[in-house]
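Taking it in order: structure first as structure tokens, then the write-up.
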Amino acid sequence: MHERNAAIGARLIILCKFRSKAHDAAMASVPEIHHLRRDYRREPLEESSLNVDPFAQFSAWFDDALAAGILEPNAMTLGTADASGLVSCRTVLLKGIDARGFVFFTNYGSRKARQMASNPNAALLFPWITLERQVEVAGPIEKISEAESLEYFLSRPFGSRIGAWVSEQSSVIPSREVLVSRFEDLKKQFADGHVPKPEGWGGYRLVPRTIEFWQGGADRLHDRFLYTRADAAWQVSRLSP
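Quick note: the sequence shown uses the working numbering, first residue 74, plus one each step.
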């Protein structure tokens, strides 16, 4: 028994050494992330330069992002949480903004939709890294009207309208071929170009309680200004970086 245990122990040592070498080899190909660093050198953001209306300030920064040629400047990270507090993030596209809030579209059966149904609070993040800027928006979520959803749906390209029918978003599928086959079948079904809006698809609006504008600063002394809704007005506070 002692010899058998010793043999097992020897094999475990060899296995551990092998795994350690394999781990070291794998890590050797990973860049040294802690050395990745960029110092921000753009002009500081001063409160005196901010618009009193955060939506107007957002529009000005969005125009800057467009002018800078940022790829998909309306791409934003959407953070949601379920009833237990488990958080999920994904990138979605901003498709509308006005004084009521920020609008995006999705399948009502998706994971994010289920989470927003159980916990109707969310956050958005616009990471305009090229401009050393980001904007974070947080607040409650509400569905937009069916008429608004229909108007946007009908403005989408034909393929995108078909795609809304194809995808039962966040559900498990056996292969990509299933999607492609379904897409081709629906193209034939809607060959006349008339694609009705699926009942389970539409828009949401995030109604901001807070909007934070972040400008990178030298030596990590970033400028952060937080707009907080106070009844019909907005209060602005400078935050420590």
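Using N, Cα and C, we set each Cβ at its ideal position, and we do this for glycine too.
Nearest in C-alpha terms to Glu-209, of all of Val-160, Leu-279 and Gly-290, is Leu-279. Scanning the stretch 182–235 for uninterrupted beta strand (DSSP E) segments of 3 residues or longer gives 194–201 and 206–216, listed from N- to C-terminal end.
DSSP places Glu-285 in the strand class (E or B) of the three-state scheme. Pairwise C-beta distances place the stretch 255–265 out of contact with the stretch 171–184, as fewer than three of them are shorter than 8 Å.
Contact check for Phe-177 against Val-165 passes: the beta carbons are separated by less than 8 Å. Counting along the chain, the unbroken beta strand (DSSP E) around Asp-296 starts and ends at 296–303. Of the residues assessed, Ile-246 falls on the exposed side of the cut-off, its CB having fewer than 16 other CB atoms within 10 angstroms. Bridge pairing for Asn-180: Trp-274 [DSSP]. In this structure, Thr-301 lies near Ser-310, with their beta-carbon atoms less than 8 Å apart.
Classified as exposed, Phe-231 has fewer than 16 neighbouring CB atoms from the shown chains inside 10 Å of its CB. Arg-311 carries a strand assignment under DSSP once its states are collapsed to helix, strand and coil. For Arg-163, the enclosing beta strand (DSSP E) covers residues 160–166. Here Leu-144 carries a coil assignment [DSSP, helix/strand/coil]. Non-local beta-carbon contacts of Glu-145 in its own chain, meaning distances under 8 Å to residues more than five positions away in sequence, involve Leu-166 in chain order. In the DSSP annotation of this structure, Asp-155 is not part of any alpha helix (DSSP H), being labelled neither H nor E. Bounds of any beta strand (DSSP E) do not take in Asp-258; it lies within the alpha helix (DSSP H) bounded by 249–262. Residue pairing for Ile-246: DSSP places it in no beta bridge. With contacts defined by Cβ atoms closer than 8 Å, Gly-275 and Ser-222 form a contacting pair. Annotation: Gly-290 is outside any beta strand (DSSP E) and is labelled neither H nor E by DSSP. Taking the C-beta atoms as reference points, Lys-168 is found nearer than 8 Å to Tyr-225.
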